[in-house]
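Chemist: Everything in the sequence shown is counted per the working numbering, starting at -5 for the first residue and increasing by one.
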Amino acid sequence: MSKRMTLRIDIVGSTHNFHRRFFESPSPIAGQSTDPDTAYAIYEAFRYSATQVRIPPVTFLPSSTMAGQAASTSEGVSPTFTTATARTPPERVRVSPYPERVRTPVRNTVYEPASSDLYRLEVQPIVKTTITQRDASGHVLDNFVASGSSFQAILEKHWNQFSPRMKGRAVKTDGVWSTQPPSVDHWTKTMQFKVKRHVVDTARSDQSWKTWLHGLQGEPIKVFVYEYGTAIAKAEDRENFMNACIRPLSTNRAGAVAEASLREVVEQLHARWDDSFDGEAVIWVMWANEATCNLDRSTWDAAIAAPPPRRILNLLRASNTRMEEHLAGMRRSAHTALDCVNSALANYAVLRQDLRAFSLRLDSHEAGMAVRKASIEVSIRDMELPYQNDISNPTEHMENLRDFEHE
-5 MSKRMTLRID IVGSTHNFHR RFFESPSPIA GQSTDPDTAY AIYEAFRYSA
45 TQVRIPPVTF LPSSTMAGQA ASTSEGVSPT FTTATARTPP ERVRVSPYPE
95 RVRTPVRNTV YEPASSDLYR LEVQPIVKTT ITQRDASGHV LDNFVASGSS
145 FQAILEKHWN QFSPRMKGRA VKTDGVWSTQ PPSVDHWTKT MQFKVKRHVV
195 DTARSDQSWK TWLHGLQGEP IKVFVYEYGT AIAKAEDREN FMNACIRPLS
245 TNRAGAVAEA SLREVVEQLH ARWDDSFDGE AVIWVMWANE ATCNLDRSTW
295 DAAIAAPPPR RILNLLRASN TRMEEHLAGM RRSAHTALDC VNSALANYAV
345 LRQDLRAFSL RLDSHEAGMA VRKASIEVSI RDMELPYQND ISNPTEHMEN
395 LRDFEHE
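1) Thr76: buried (16+ other C-beta within 10 angstroms of its C-beta) or exposed?
2) Ends of the alpha helix (DSSP H) at Met185?
3) Between the alpha carbons of Gly62 and Pro91, how many angstroms are there, rounded?
4) Quick check: the Cα distance between Pro302 and Trp281, rounded to an integer number of angstroms?
5) From this set, Glu393, Phe271, Gly249, Thr224, which residue's C-alpha is nearest Lys161's C-alpha?
6) Which whole-angstrom value is the C-beta distance of Val117 and Arg159, which I expect to be below 8 Å?
7) Provide the residue span of the alpha helix (DSSP H) that contains Ser202, from first to last.
8) Gln155 to Ala140, Cα distance in whole Å?
9) Count the other CB atoms within 10 Å of the CB of Lys(-3); is the residue buried (16 or more) or exposed (fewer)?
10) In terms of alpha-carbon separation, which member of Ala285, Glu258, Met185 lies closest to Val193?
11) Which class does His400 belong to by DSSP, given the choice of helix, strand or coil?
12) Considering only the alpha carbon of each residue, which of Tyr113, His133, Gln146, Lys151 lies closest to Gly212?
13) How would you call Lys122, buried or exposed, if buried means at least 16 neighbouring beta carbons within 10 angstroms?
14) Measure the C-alpha to C-alpha separation of Asn341 and Val260 and round it to an integer number of angstroms.
15) Return helix, strand or coil for Ala300, following the three-state DSSP convention.
16) Flag this pair as touching only if the region 233 to 245 and the region 193 to 207 have three or more C-beta atom pairs under 8 Å; answer yes or no.
17) Identify which residue in Glu318, Lys188, Leu289, Tyr222 has its Cα closest to the Cα of Gly249.
18) When burial is assigned at 16 or more other CB atoms within 10 Å of the CB, is Glu221 buried or exposed?
19) Three or more beta-carbon pairs under 8 Å between the region 225 to 236 and the region 165 to 175, yes or no?
20) Specify the secondary structure class of Ser419 as computed by DSSP and reduced to three states.
21) Let me know the secondary structure DSSP gives Glu393 once reduced to three states.
22) Just the Cα atoms here: how many angstroms apart are Trp181 and Arg304?
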């Protein structure tokens, strides 16, 4: 048998589940080679693979040992191979490539998805003055998308977005126009949804609104936002409403508030704020101009009731009446504080009198005790004690009784 070296490989890898195999093929590629250099090259290749897949080191058997095994085989004796003891793979411990970095511990909490918005509504808002106004002539705004778990949640988002465009809500009662502040509870009086050519009926239940939102499939629709509500159907109604509630009763040639209307506003400002502020007449007129410059008569009452703007406030001064009331209050507070101090001083005087009386009582009690002490001492001195020899022992004159119990 030609001299050769046989390569034996023990592969233990939990990842690839290799088994122990012996390469006895005469082909060098299978694991044997008659050339030692070739065998060493194969060994180096397998050793490198072992470092990649956790393969234990490769053991070489000399060719003489393999020759003996071959002879035993030819004589009918089963060859005995010296195998390495299978080693238990060490416990896999993950080593961090960044040992100085503190890893976040694994969370064992169950993932709870956040409540997702189930419905979505995309609208193309158009601000209109009347119901009959054409869509093309309205003020078109950018599309707005809102989502939520119900129609009411989506509606509140739309209301917050478009309510600044509403100037008020016109109400007509018995032919008389009036204004009310818009609110989301009466959104049907200030907004309308339109799908294609049809205005959406708002008399729906919550479930009906959800079904309607689901049927849109994300398709954008139009929403009409009315400046003064749906009570103004046509231009004539708007003109009557503006004359009755919005426009000033009288204006000058430039379109500003007339002098007569300004005087009325100045009188109302005096009636409301005379007790708080004093100022020149021109300052009150400036304040009236500030309140009426928007030419919206429906907002004048709120502007009169509100405190003066900062630039007007800097020109006013505190009212004399208010100052007098403030000074009178300060005087009352000062007198009250003085009365409290005087009362405390009077209490101190009473306490001193009580202390003097208590001191006199202590002196009197001490004098009485001194008298009693002197009396007791005199009594002790006057007391005659018998002599010791005159005192007899009483046991000497006592009769000794007979002890019957121990006889």
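Glycine is no exception: its CB is placed at the ideal position from the N, C-alpha and C atoms.
None of these values were measured; they are calculated from a predicted model.
Modeler: Looking at the coordinates:
1) Confidence at Thr76 is low in this model, with a pLDDT of 45, below 50, so its placement is unreliable and no value can be given for it.
2) Met185 -> not in any alpha helix (DSSP H); beta strand (DSSP E) instead, spanning 185 to 189.
3) Note on Gly62: pLDDT 48, under 50, position unreliable in the model; the coordinate value appears next. Rounded to the nearest angstrom, the two C-alpha atoms are 49 Å apart.
4) 7 Å
5) Thr224
6) Val117 to Arg159, Cβ: 13 Å. No contact.
7) 200 to 210
8) 10 Å
9) For Lys(-3), the pLDDT reaches just 42, beneath the cut-off of 50, and the residue's location in the model is therefore unreliable, although a value from the coordinates is still provided. Burial call: exposed.
10) Met185
11) coil
12) Tyr113
13) Buried.
14) 58 Å
15) coil
16) no
17) With respect to the C-alpha of Gly249, the residue from Glu318, Lys188, Leu289, Tyr222 having the closest C-alpha is Leu289.
18) buried
19) yes
20) Any answer about residue 419 is impossible in this case: the structure gives the chain only from -5 up to 401.
21) It is coil, neither helix nor strand.
22) 35 Å
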